[in-house]
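So the protein lines, in turn, are chains U and H. Quick note: the first sequence uses the working numbering, first residue 738, plus one each step. Quick note: the second sequence uses the working numbering, first residue 455, plus one each step. From the three backbone atoms N, C-alpha and C, an ideal C-beta is built for every residue, glycine too.
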Amino acid sequence: MVAVIENILIYTVIWGSIYLLISIGFSLICGVLRIFHLGYGITFVLAAYGLWFFLSDMNLGLIPSIILMLLLQIFIAVVVFYKGVFQRYLDEEENLLVVSILLFLAASHFVNWLYPVTAGVNLPTTLFQGVATIGVVNVSYQMIAAAIVGIVVTALFIFMFMKTRIGLIIRAMSQDLNAARLMGASVNNMYYLAMILAVIPPSLCVIMIAPFWSIDPHMGQPLLITALLIAILGGLGNLKGNIIASYLIAFVHFSTSFLLAPRFMSFAALFVTLVFLIVKRGGIVEGETIW
Amino acid sequence: MNKARIFFIVLAVVLGLTLGISPAMAQKGKPIKIGFMGNLSAPFSLSAQAAAKLAVEEMNASGGILGRPVELISEDTKGEIPKGIEVYKKLVMHNRVDAVVVAEKVEMGVAGAQIGAELFREFPHIMFCTIGGTDDIWHLVRDNYDRYKFAFHTYYFVATHYLQILGGQILPDFHKNYIGSKKIALLYEDMAWTQPIRRGIPGVSPSLKDIYKSKGFDVVYEATISLDQKVFSTLFDDITKSGADAIDGVMGYIDQASFIKQWAQSSARDIPWFFWGGIAGMPMAWKMTDGMIAGGSIGSSFVKVPITEKTIPFMDNMIEKYKVGPIFGSHTTYDTLFGYRKALQQAGDTKDIEKVIHELENVKETAVLGTIGWDAKNHHNLPYPAYVTPIVQWQDGKMVPIYPKNIATGKFMSPAKLRK
């Protein structure tokens, strides 16, 4: 039994940290722009296939390809989603949701047309090969590296929100938008910044998990669902709640996997979230603020 | 040039055109019509359609069937059963086809068999189902021969053969004598086609687990994997702890790329695995997994190994002429049509449908994957060793055939050795 508990705890820490990478960008947009960004899944697809395009079709090196992929992500986030969709449909929430998800699905299908599974897309982003043994648990070094990146990125976000002037403005906006505007906050610039910041964690996530995760044109859908689940359970748009929910979902996943069966992992997480929301409607950390 | 000379030249040209001597032009009479229906958005149906076109093109080039040209009429079902029924009716009643090839999920074949049975008296025809690993089609024939005698099923292994032949003969031999394993971890994907393999078929075969036990193996681990599962690391930890020395995966549709990548970075990375099908058996799998697939074994009809003299030309022509990979459903469609041609040649005509059915029940024709022919009572195709799907192992970026011995070009190597 001790071995099982050890397994559950170690996998919870590792995958909870990876779930942070998956979900924190979504929560940021929820918290700052107050938008339920159903097109968020596109960032995972663009990260994988944008990187592949620059690497394989343009024959560029890994680092230039990552930089260009991030620039492409920023362009899509700012020009297509923020200016093209969010600003246009800000007062029509249903249209905003529908257009966002349609754009995401259309992009997935377009990528599928460009690079079907038979194209054999794979990202050469393995940092460390091999398996580490922690107590009785065997975990790949790459998974540990992905978890560390998750923790570092989250820590940097927290630092930014707590210790910088920009973070202060964003927190002020998430508490009371009109008051922040009256105090001279450049709301529009902060929205742009939030959109740009939100693409970084999912992009890093894809780069880090590619060595142990399949790359396919529809990979954005399960990752979007994970992000949604965590954001909803955490309390929409609250980063504290997002962090707790990431580890809680990971705990549910791996408790189920080790104590019951791996195939019930997703169901168990959905069930726990549902029960939790019935008991506590606003999620783990209720409130309208980002922190 | 005088008028007489011009006249003879013109006459020679006209005669040359009308009495041309190419085999295709020598065909006379009403064409033999073959209807093809599939989900033309799905890769397997597109591959099967290309195989059907290739077969018809080759038949016409060699004189057609019984001296008559062969015409292929393709229809898209969009993967929807109601649309499929409409398409089947159109092909049989309007186009008056002699045979219908259903090349998509087996449910469509079952729907085709039902509507075909209603139409058969007025519009005699043959139905071939060339995709689907369940027993549904031949069970219809077995249980009500008179009603469903026009239905024939061709596939690599239907569920009964999976249990009786793949599970009952090939895999125990493969695991014992090639890998040297005694303790098996069994993994199934959570889909309908694996249900008879998990539970067995009453009166026909015990489950795969019980078959392994009866062959002297210890089944030390058993689990079912859901199609949306992405995290397999914990599964591999459990398999390692169970003491398994081989993994048998009854799966073709799970996220195999994640499975393989996580296997190669787990404590189970030295335990060899075998899958029945899926992307692991396709050429791009090495690239997709960055070579982490090294050491994995899989049943694959993608490998270019000359099972018969037809195998390599078929694979080359599919890619060269139709730019389509010969994925599942393509071999079975191509072979089925050549089996049909031989049966018609033996019957001498298409008019007497009873005679055509009789000849289909007795025909044997050289095929891409061995010999095509159908069981006289049940109408499933003749299984292994008549129809062969090679077992290959990924070694140094290539799929190397390792089973059966007569087509093997290499030997099984442990994943640990290959990784070095």
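Its Cα nearest to that of I779 of chain U, the residue U:G762 stands out among U:G762, U:V874 and U:T1026.
Residues of chain U whose Cβ lies closer than 7 Å to the Cβ of D682 of chain H are, in chain order, P959 and S1003.
For the segment 747 to 780 of chain U, residues whose beta-carbon sits nearer than 8 Å to a beta-carbon of chain H comprise Y748 and W752. The straight-line gap separating the alpha-carbon atoms of G768 of chain U and L641 of chain H is approximately 43 Å. In the three-state DSSP reduction, A605 of chain H falls in the strand class (E or B). Close partners of A784 of chain U in chain H (Cβ separation under 7 Å) are lacking, with about 16 Å as the shortest Cβ gap.
N816 of chain H: member of the alpha helix (DSSP H) spanning I807 to N816, first to last residue. Here S721 of chain H is not near D699 of chain H, since their CB atoms are 7 Å or more apart. Here G483 of chain H is exposed, its C-beta having fewer than 16 other C-beta atoms within 10 Å. Out of H:D664, H:H548 and H:K684, the CA that lies nearest to the CA of Y675 of chain H is found in H:D664. Interface with chain H (7 Å Cβ-Cβ cutoff): N849 of chain U is excluded.
Residue environment analysis places I651 of chain H among the buried positions, since at least 16 neighbouring C-beta atoms fall within 10 angstroms of its C-beta. For V842 of chain H, the CB contacts under 6 Å within the same chain, skipping 5 residues up- and downstream, are I761, L823 and G824 in chain order.
Residue environment analysis places T787 of chain H among the buried positions, since at least 16 neighbouring C-beta atoms fall within 10 angstroms of its C-beta. With a cut-off of 8 Å on Cβ pairs, the segment 802 to 820 of chain U is in contact with the segment 769 to 789 of chain U, counting three or more such pairs. Of all residues in the segment 975 to 1008 of chain U, only H990, F991, S994, F995, A998, P999, R1000, F1001, M1002, S1003 and F1004 place a beta-carbon less than 9 Å from a beta-carbon of chain H.
Contact between V810 of chain H and L791 of chain H is absent: CB atoms are separated by about 14 Å, not below the 8 Å threshold. Taking a C-beta distance under 7 Å as the contact criterion, M746 of chain H and A718 of chain H qualify as a contact pair. Looking at the DSSP output, Y841 of chain H shares a beta bridge with H:G824. Within chain H, the residues whose beta carbon sits less than 8 Å from that of T855 of chain U are P497, M736, M738 and G779, listed in sequence order. With respect to chain U, the C-beta atom of I651 of chain H has no partner C-beta closer than 7 Å. Sixteen is the threshold: since fewer than 16 other Cβ atoms of the shown chains lie within 10 Å of the Cβ of L996 of chain U, the residue is exposed. Under the DSSP definition of a beta bridge, W848 of chain H partners with H:M853. For Y642 of chain H, the enclosing beta strand (DSSP E) stretches over residues K637 to E643. Only exposed fits V739 of chain U, as fewer than 16 other CB atoms lie within 10 angstroms of its CB. Between the alpha carbons of Y602 of chain H and S793 of chain U lies a distance of about 52 Å.
What V817 of chain H touches in chain U, judged by beta-carbon distance under 8 Å, is nothing: the nearest beta carbon there is about 34 Å away.
Look at D724 of chain H: its C-beta is not under 7 Å from any C-beta on chain U. Around the beta carbon of T804 of chain H, 16 or more other beta carbons lie within 10 angstroms, which makes this residue buried.
Among the CB atoms of chain H, none fall inside 7 Å of the CB of F865 of chain U. Under the 8 Å Cβ criterion, the segment 745 to 755 of chain U counts as touching the segment 863 to 876 of chain U, having at least three qualifying pairs. Counted as a single uninterrupted DSSP element, the alpha helix (DSSP H) harbouring W717 of chain H occupies residues Q710 to A718. Classified as exposed, S495 of chain H has fewer than 16 neighbouring CB atoms from the shown chains inside 10 Å of its CB.
By the CB criterion at 7 Å, A935 of chain U and L775 of chain U fall outside the cutoff. For L689 of chain H, the closest Cβ of chain U is nearer than 7 Å. G703 of chain H is bridged by DSSP to H:L641 and H:F729.
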